[in-house]
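Take a look at the structure below.
2 protein chains.
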Amino acid sequence: MTVPTDKTKIFKALSDPNRLRILKMLQTKELCVCEITEVLQLATSTVSKHLSILRSAGFIAVEKDGKWVNYSINQNPGDQRILKLLASLDFWIADDNLIIEDKKRIQKADRYKLCSK
Amino acid sequence: MTVPTDKTKIFKALSDPNRLRILKMLQTKELCVCEITEVLQLATSTVSKHLSILRSAGFIAVEKDGKWVNYSINQNPGDQRILKLLASLDFWIADDNLIIEDKKRIQKADRYKLCSK
DNA sequence: TCTTTATTTAGTCAAATGACGAATTGAATT
DNA sequence: AATTCAATTCGTCATTTGACTAAATAAAGA
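The structure is reproduced here in structure tokens:
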């Protein structure tokens, strides 16, 4: 039995610029919360909330790795619309300057330097 | 020169259930504000606002016809994403019971009976 | 021209959203 | 067992959103 999900849930998930930045960053590689926090320059709790919204909409997957929680693009979304969106994410969400910068920064990021201080 | 539009604008436009109902109704036929108002059972001003959001995002077109203002699915959206969404609207927005009912009601609707009382 | 009718705009209000810091949880590490 | 550190949850606050009513526009019709 499926949970009665809100019709607007997937659109709502894409309705925040910071969540779009997160999705696009995850295109590059799997990331933990503190890496994303570093790039977005938001409070950890805020990023965590954004991630839970993206996850509950079906866009991303979570996996625990000891102390860290890794988030990644969901490779097996149940919803075909999400599959389509993710398959051509660059069509749906343009790579503007900010996002290009995010991706550069995230490529250089070293979790061990960033997160443990 | 293009107006600097918000990255989330098209997703925001789709983030409200009543706006989804409107889009789907317009699939059936061109409609004036009062016809939509009748089906959604909202204040006229509320419907007018929803229509302006859908229009400004690029989903629908407006045409004045005397006293009436007719809204219709935008046949020539500049944005390719909107073209894609509109081309397979049933994929992106499922026909649930409510929407099926809306469409039935709108097919039977006679503007002259509904709007002028 | 005065009135009626369809729509939009302005103003108000409650609920939802996105931000934060503080407190809590969970998994290493000492 | 106590501590450390990543992440989540909780409580608060400012802003946005979606609803309404009332007032303003615009186009017919009397």
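Residue numbers (the numbering used here), protein chains in the order written: chain A, 1 to 117; chain B, 1001 to 1117. By construction, the Cβ of each residue, glycine as well, lies at the ideal position given by its N, Cα and C atoms. Keep in mind it's a predicted model, so treat the numbers as computed, not measured.
* Quick check: the segment 1091-1108 of chain B against the segment 1069-1080 of chain B, are there 3 or more CB pairs under 8 Å? -> no
Checklist entry - When Cβ atoms are compared, which residues of the segment 2-32 of chain A fall closer than 7 Å to chain B? => result 7, 8, 11, 12, 14, 15, 16, 17, 20
>> DSSP three-state label for residue 108 (chain A), please.
In response: helix
Quiz prompt | residue 1016 (chain B): first and last residue of the uninterrupted alpha helix (DSSP H) it sits in | solution = From DSSP, residue 1016 (chain B) is part of no alpha helix (DSSP H); its letter is neither H nor E.
Do residue 1073 (chain B) and residue 1085 (chain B) have their beta-carbon atoms positioned less than 8 Å apart in this structure? no
I'd like to know if the segment 41-57 of chain A and the segment 1022-1029 of chain B are in contact, where contact means that at least 3 CB-CB pairs between them fall below 8 Å. no
Coarse secondary structure for residue 1088 (chain B), derived from DSSP in three states: coil
- request: State yes or no: is the beta carbon of residue 1055 (chain B) nearer than 8 Å to at least one beta carbon in chain A?
  value: no
* To do: Counting only the same chain and skipping the five closest in sequence on each side, list residues whose C-beta sits under 8 Å from that of residue 45 (chain A).
  => none
Can you pull the chain A neighbours of residue 1091 (chain B), defined as C-beta to C-beta under 9 Å? 80, 81, 84
Under a three-way DSSP split, which group does residue 1070 (chain B) fall into?
strand
Check: So, using beta-carbon positions, are residue 18 (chain A) and residue 51 (chain A) closer together than 8 Å?
Finding: no
**Request:** Within its chain, find whatever has a CB closer than 7 Å to the CB of residue 14 (chain A); leave out the 5 residues flanking it on each side and keep chain order.
**Result:** 20
task: Could you tell me whether the Cβ atoms of residue 11 (chain A) and residue 1011 (chain B) are closer together than 8 Å?
output: Judged by their CB atoms, residue 11 (chain A) and residue 1011 (chain B) are nearer to each other than the 8 Å cut-off.
Out of curiosity, what's the CA-to-CA distance linking residue 1063 (chain B) and residue 1053 (chain B)?
16 Å
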